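Quick note: the sequence shown uses our numbering, first residue 86, plus one each step.
For reference, the structure discussed in these notes is given below.
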Amino acid sequence: MAQRREAAMTMAEEIQQLKKEKNAVILAHYYVAPEIQEIADVVGDSFNLSKEAVARPEQTIVFCGVSFMGESAKVLNPEKTVLMPDPEADCPMAHMADGETIARMREKYEDLAVVCYINSTAELKTHADVCVTSSNAVKIVRALPNKNIFFIPDRNLAHYVAQQVPEKHFVFNEGYCPIHDKMAAEALKQCKAAHPQAEVLTHPECPRSVLDLSDYVGSTTGIIDYARKSSGTSFIICTENGVRHQLEKENPDKTFYFLQPEPVCTDMKRITLEKVLHVLKTGENQVELPEDLRVQSCVPLDRMMTLGK
Ligand code: 13P
Ligand code: SF4
């Protein structure tokens, strides 16, 4: 155990040194393992990380997250090198919509806006009018001139946004996050009964029945901000368990409970220190996209960056 910790220390130090030598920045999502969050320059939600990928001056980005995140970073920064510690780390939901269905919907509704959650492949984004993340979806959908919204791929986030923006007509798609969609109202009720004082903070990828029992619904950053600002001392967190690291780090006097068994995104957890070190040393696993695909998928992403400001 002590030996393993020592090895991790050495690897973390080597990563820090190589990062400077190679003019690289390490971006990490809140769902990756704690030791990865610790070596990152920026830990954030999908929207923060997209903004940081653009704002940071370093020429190389090591993206500790799943493939749609690396793709978005590359789309927005074609001149930068984007390295993925594990190119197999993929979000299943990112594939849960298709161009054919979108084309059919466009024929059916004249003024349709195709709103694409950033958790989607670059190919899927080429069919969209605008991208959103869980932290800006309500704001962006509200700002669109269109009445009809086809929200892809996540049905749960779509239903949440539809509830917040009742003036729009929504067409729903059948995609979902396998980790969040599994969270059940029954498990939450049990957790609430065991911890009646705890406030419930929930990600909008969870089913409606879980959202309805929650005190706050928001992105990973939103959940972390809420817990920091709240005068409450205990919280039930309905999202992936990687957020526990920042929550406990920022709030040592507060207690955080997760639904059981704790929700884990196995794709996010594929990122290891060994893999980060490997891509920094070798420059392997660069994100590469055909230029026409990059240009087309950049349109809805750029629109999100403008409307999300
Ligand atoms: P956030 O945008 O809230 O970080 O969520 C990303 C994600 O993958 C949720 O499952
Ligand atoms: Fe995709 Fe869900 Fe993992 Fe987020 S938690 S990356 S939506 S599978």
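Built from N, CA and C at the ideal position, the CB exists for glycine as well.
Please read these numbers as outputs of a predicted model, since none were measured by experiment.
Separation of residue j from residue i, as counted between CA atoms
| i | j | result |
| --- | --- | --- |
| Asn336 | Asn233 | 42 Å |
| Gly303 | Thr318 | 19 Å |
| Glu120 | Val167 | 21 Å |
| Tyr116 | Ser157 | 17 Å |
| Thr95 | Gln102 | 11 Å |
| Met34 | Val200 | Within the shown structure, residues of the chain are numbered from 86 to 394, placing residue 34 beyond reach of any answer. |
| Ser316 | Lys277 | 18 Å |
| Asn133 | His280 | 32 Å |
| Ile111 | Leu358 | 12 Å |
| Asn241 | Pro142 | 36 Å |
Residue i CB to nearest heavy atom of the ligand SF4 below 6 Å
| i | result |
| --- | --- |
| Val246 | no |
| Cys383 | no |
| Met190 | no |
| Asn204 | yes |
| Met96 | no |
| Ile187 | no |
Local conformation of residue i per DSSP, three classes
| i | result |
| --- | --- |
| Gln345 | coil |
| Ile264 | coil |
| Tyr301 | strand |
| Thr95 | helix |
| Ala158 | helix |
| Cys176 | coil |
| Glu123 | helix |
| His288 | coil |
| Ser319 | strand |
| Gln371 | strand |
| Glu226 | With the sequence shown as reference, residue 226 is identified as Val, and Glu is not the correct amino acid for it. The answer is helix: DSSP assigns Val226 an H, G or I state. |
| Leu112 | strand |
| Asn133 | helix |
| Thr145 | strand |
| Val117 | coil |
| Val151 | coil |
| Gln340 | Here the sequence assigns Thr to residue 340, which means Gln is not the residue at that position. Thr340 falls in the strand class under three-state DSSP. |
Cβ-based burial, residue i [other Cβ within 10 Å; buried from 16]
| i | result |
| --- | --- |
| Val217 | buried |
| Ser220 | buried |
| Gly368 | exposed |
| Gly327 | buried |
| Ala113 | buried |
| Glu106 | exposed |
| Gln122 | buried |
| Val364 | buried |
| Gln331 | buried |
| Asp171 | buried |
| Gly184 | exposed |
Extent of the continuous alpha helix (DSSP H) run through residue i
| i | result |
| --- | --- |
| Thr186 | Gly184 to Lys193 |
| Leu365 | Leu358 to Thr367 |
| Tyr245 | Arg240 to Gln249 |
Terminal residues of the beta strand (DSSP E) in which residue i lies
| i | result |
| --- | --- |
| Glu325 | Looking at the DSSP string, Glu325 is not in any beta strand (DSSP E), and its letter there is neither H nor E. |
| Ala269 | Premise fails: Ala269 is in no beta strand (DSSP E) and is neither H nor E. |
| Cys201 | Ala198 to Tyr202 |
| His473 | In the structure displayed, the chain extends from 86 to 394; residue 473 sits before or after that span and is not available. |
| Thr73 | Residue numbering for the chain in the displayed model covers 86 to 394; residue 73 lies beyond these limits and cannot be assessed. |
Heavy atom of the ligand 13P within 6 Å of residue i beta-carbon
| i | result |
| --- | --- |
| Cys216 | no |
| Glu290 | yes |
| Asp130 | yes |
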